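A.B. asks:
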Amino acid sequence: MSIEEATLPDRDERLTAERAYELYWADLLPRDARFACVGTGCSAPLICACLDKPEQNLRIRPYFRSYRLEDHAATCEVAHGRGETRTEKRPDVFEAERPAGHFRREPTPPASPAGDRSPRRVSASQTAGLPPRASHYYRLSSLVQKFLEHRRDRDLAEATVDIGGETTTYEALFRNIYRQKVVDLLGTRAVWWGTASLRATREGGYYLRFSRPFRHEDAELRPTITITARDIEAYPVRKLLRARLDKLIAESGGYCVAFVWAKPWMPKDAEKPFVRFYVNNLDHIDVRGPEILEELKNTSRVGA
Ligand SMILES: [Zn+2]
């Protein structure tokens, strides 16, 4: 059974498996960190699977699990799902900026808009059922994971995500780069994605080039992204980013699927036009192995 949320008893903090994953990669959680179930009257010990795997796809992703089903209390709706909390779907929330101190050693209260306040302290006696809660994400990678799952489940058009107070569907947010007229899209901030080639630069950064082009007059322009060593050094989850990128270069020669939340950019009057994505926050880029394309193809055949 895979569980999405748990508490971290040491920090008295309720968190998602994605959050536990980034805390581990920011050296703020040990690999064998112990968590507890958030169910009513339940304190079953949980561990987080796949915490130390740099790669993520449909089969490999962080999630909580208990050792034994019997560890959960009889009243625990997480283990013995009453189901109601799952059916009331709220949009996921993508926060463009992290709160200050998000990677301090002490916990920070989760960013909760008014009306979405959930108790931080979740003790067995206090909890009366699980209020439906929106999931707040800060790394694009967390949204990409949801995108892959919704694509597999064929509900991209119904699944919604809130960004800066605007709600959109996963289907509208994620845009494949494919021979579209780039001048019409320069104002379009979206999650642009497609296959790409990745290489390390001599300066200790990385360079990405998408395989598919945008269209500009008679030309085809393949957008690029540069990730500088300086930006990586300033990024709290740099260990994960580097591990993920280096693994792709080592295992697939840099062939990958890249995702970036940005607007395409073109120079105003360059002799030779080109398209770039500027990423000033490394939370807004994600790169996956080519196996996700295969996984999606295979899962779409099921049920077809
Ligand atoms: Zn439980």
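When we follow the numbering used here, the leftmost residue of the sequence shown carries the number -4, and every step to the right adds one.
The C-beta atom is built at its ideal place from N, Cα and C for all residues, glycine as well.
Every value quoted in this text rests on a predicted model; they were computed, and no experiment measured them.
#1: Would you tell me roughly how many angstroms separate the C-alpha atoms of F269 and M261, rounded to the nearest one?
#2: State the start and end residues of the unbroken beta strand (DSSP E) segment that holds D87.
#3: Any idea if G124 is buried or exposed, counting beta-carbon neighbours within 10 angstroms, 16 or more meaning buried?
#4: From H145, I280, R134 and L168, pick the residue whose C-alpha is nearest to that of H97; which is it?
#5: What is the rounded straight-line gap between the Cα of A12 and the Cα of L235?
#6: With Y201 as the anchor, note down where its beta strand (DSSP E) starts and where it stops.
#7: Of all the beta strand (DSSP E) runs that stay within the bounds of the region 174 to 202, which reach a length of 3 or more residues?
#8: Between which two residues does the alpha helix (DSSP H) holding L240 run?
#9: Do the region 151 to 165 and the region 212 to 228 meet, that is, are 3 or more Cβ pairs less than 8 Å apart?
#10: Span of the beta strand (DSSP E) holding D213?
#11: Confirm, please, whether the CB-CB distance from L288 to T190 is below 9 Å.
#12: For T82, which residues from the same chain have a beta carbon less than 6 Å from its beta carbon, with the 5 sequence-adjacent residues on both sides left out?
#13: Beta carbon of A74: closer than 8 Å to some heavy atom of ligand 1?
C.D. replies: With the structure as the only source:
#1: The sequence position of residue 269 within the sequence shown is 274, counting from 1. The sequence position of residue 261 within the sequence shown is 266, counting from 1. Rounded to whole angstroms, F269 to M261 spans 6 Å at the Cα level.
#2: Position 92 of the sequence shown, counting from 1, holds the residue named residue 87. Counting along the chain, the beta strand (DSSP E) containing D87 begins and ends at D87 to F89.
#3: In the sequence shown, the residue the question calls residue 124 occupies position 129. In this prediction, G124 scores a pLDDT of 48, lower than 50, which makes its location untrustworthy; no coordinate-derived value is stated.
#4: In the sequence shown, the residue the question calls residue 97 occupies position 102. Closest by alpha carbon: R134.
#5: Position 17 of the sequence shown, counted from the start, is the residue given in the question as residue 12. Position 240 of the sequence shown, counted from the start, is the residue given in the question as residue 235. Those two C-alpha atoms are separated by around 15 Å.
#6: In the sequence shown, the residue the question calls residue 201 occupies position 206. It spans Y201 to F205 - the beta strand (DSSP E) in which Y201 sits, taken as one unbroken run.
#7: 185 to 195
#8: Mapped onto the sequence shown, residue 240 falls at position 245. Run containing L240: R233 to S247, per the alpha helix (DSSP H) assignment.
#9: Note that the region 151 to 165 does not touch the region 212 to 228; fewer than 3 beta-carbon pairs, one per stretch, sit closer than 8 Å.
#10: As a working mapping, residue 213 is identified with position 218 in the sequence shown. First-last for D213: undefined, no H or E at that position.
#11: For the purposes of this step, residue 190 is taken as residue 195 along the sequence shown, with counting starting at 1. For the purposes of this step, residue 288 is taken as residue 293 along the sequence shown, with counting starting at 1. Yes, the pair counts as a contact, with Cβ atoms nearer than the cut-off.
#12: Position 87 of the sequence shown holds residue 82. Interpretation of T82 is limited by its pLDDT of 48, a score under 50 that renders its predicted location unreliable; no figure is taken from the coordinates.
#13: Sequence index remark: in the sequence shown, residue 74 carries index 79 (1-based). Yes - ligand 1 has a heavy atom lying nearer than 8 Å to the Cβ of A74.
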